[in-house]
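Below is one structure, written out as structure tokens; the observations come after it.
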Amino acid sequence: MPPTRHQTIKDVAERAQVSTATVSRVINRTGKVHAKTAARVTRALEELGYVPNAWARAMATDGSDLMGLIVPDILNPFFAAIYSGLNETAKHRGLAVWMVDSGDNPEKERQALHMLGRYRAQGIIITPAHPAANLAAIERIGTPVCLVDRRLAKNLWDLVLIDNVNGARQAAQLFVAAGHQRIAIIAGPQDSTPGVERLQGFVDALAAEGLDMPPEYIKFGDFRQESGFSLARELLALDAPPTAIFSCNNLMTMGLLQAIHSYPGAALGETVAVIGFDDIPISTLTDPPLTVVSRPMKEMGVQAAKLITARMEAPEKPQETVVLGPQLVIRGSEKIAGLLRWI
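The following block contains the structure:
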């Protein structure tokens, strides 16, 4: 007969005329089953198109073959790169990675944690939506947890970070070296690790160069393209618009470039210079090409996988933090033509 959906072990046992315990032993290859009986069970499994219930098997054993990844924005290429590095490493341990989008919403994140817990995920990698919102839920999850890109209020879990302060500092110093004095920043949320650290590194570096940032040159976005666009237009509309803008993540940089392209009289490399944090696919297609603070995004996923698998093997080992260094990729967009005309 053709395969039937939702067949159970009981259906298979009835077809093979054996007990459900015998079917279970054949499926899981545990215990002794006579060769002719095993062949009869196998034939019944094939005829019925039986697919083992991975969730039920996980509930009956120590866990599933699943590793969870909870991210705040599944459409952000940064998290796709994290997934790629994590997945490559996890598959060598026979683990599949299930990526869940929290929408940067603590309640959705809590639901994702509970769901992965029910499925007995072997480990969970998470970029938390808020530094304190789900501390209790993460502590109760009962499985190894590794944080990526953002800290939590308690330093209890393994962590993979980028040296955000140094990356932002390099961007500020490059703007100064290019002759800019009116320098602005589109920063990220100040309840997130990258939001705080990139603003801190940038402002401190300019201060060290003797440049203060007026409040109107500091804008706070939400790491999404729409905020980069709207905040860039606010900067371009100032009576004394900045000659240089640092955007603190890839999606806000896309919005910034869109704003420059659409704003009357504004032109990249002519009236305004740009440095972005994180490389983006069109970086080499703009004119001039985009200068960025690039970070090893895929390697962050690899390191997270290594930390979580090490934690599986040694649950009581001390907390570990891995900090990777960014790289300043200079392509020309940090400068504008005829800078002295705009100062």
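For the sequence shown, the numbering used here assigns the number 741 to the initial residue and increments by one for each residue that follows.
Even glycine gets a Cβ: it sits at the ideal position worked out from N, Cα and C.
Asked                                                                                                                                                         : Found
Short of 6 Å in beta carbon distance, which residues of its chain neighbour Phe969, apart from the five on each side in sequence? Order them along the chain. : Gly995, Gln998, Ala999
Please report how far the alpha carbon of Gly789 lies from the alpha carbon of His854, in whole angstroms.                                                    : 31 Å
If we ignore side chains and look at the alpha-carbon of each, how far apart do Gln910 and Lys1038 end up?                                                    : 22 Å
Are the CB atoms of Ala779 and Leu806 nearer to each other than 7 Å?                                                                                          : no
Does DSSP put Ile822 in a helix, in a strand, or in coil?                                                                                                     : helix
Indicate the three-state DSSP secondary structure (helix, strand or coil) for Ile878 in the structure shown.                                                  : helix
I need the DSSP call for Asp841, collapsed to helix, strand or coil.                                                                                          : strand
Using DSSP with H/G/I as helix, E/B as strand and the rest coil, what is Thr801?                                                                              : Residue confidence is low: Thr801 scores 47 on pLDDT, short of 50, so the model does not pin down where it sits. Its coordinate-derived value is still stated next. Three-state result, Thr801: coil.
Do you know how far the Cα of Gln851 is from the Cα of Thr993?                                                                                                : 31 Å
Pro955 to Phe942, Cα distance in whole Å?                                                                                                                     : 14 Å
Could you compute how far the alpha carbon of Gln940 sits from the alpha carbon of Ile767?                                                                    : 57 Å
Write down the C-beta distance between Leu875 and Lys848 rounded to the nearest angstrom, noting that I regard them as a contact closer than 8 Å.             : Going by Cβ atoms, the distance from Leu875 to Lys848 rounds to 16 Å, so no, they are not a contact pair.
For a test of the three-state rule: what should DSSP assign to Ser932, helix, strand or coil?                                                                 : coil
Mind the definition here: the segment 863–882 touches the segment 1007–1017 only if three or more C-beta pairs lie below 8 Å; say whether that holds.         : no
Can you tell me which of the three DSSP states Lys959 falls into?                                                                                             : strand
In this structure, what does DSSP give as the bridge partners for Ser987?                                                                                     : Ile926, Gly1016
List the endpoints of the continuous alpha helix (DSSP H) containing Thr777.                                                                                  : 775–788
For Gln851, which residues does DSSP report across the bridge?                                                                                                : BP columns for Gln851 are empty, so no partner.
Using only the alpha-carbon positions, how far apart do Ser1023 and Asn816 sit?                                                                               : 16 Å
Quick one: is Gly1005 buried, meaning 16 or more other Cβ sit within 10 Å of its Cβ, or exposed?                                                              : exposed
Can you name the start and end residues of the alpha helix (DSSP H) that Leu978 belongs to?                                                                   : From DSSP, Leu978 is part of no alpha helix (DSSP H); its letter is neither H nor E.
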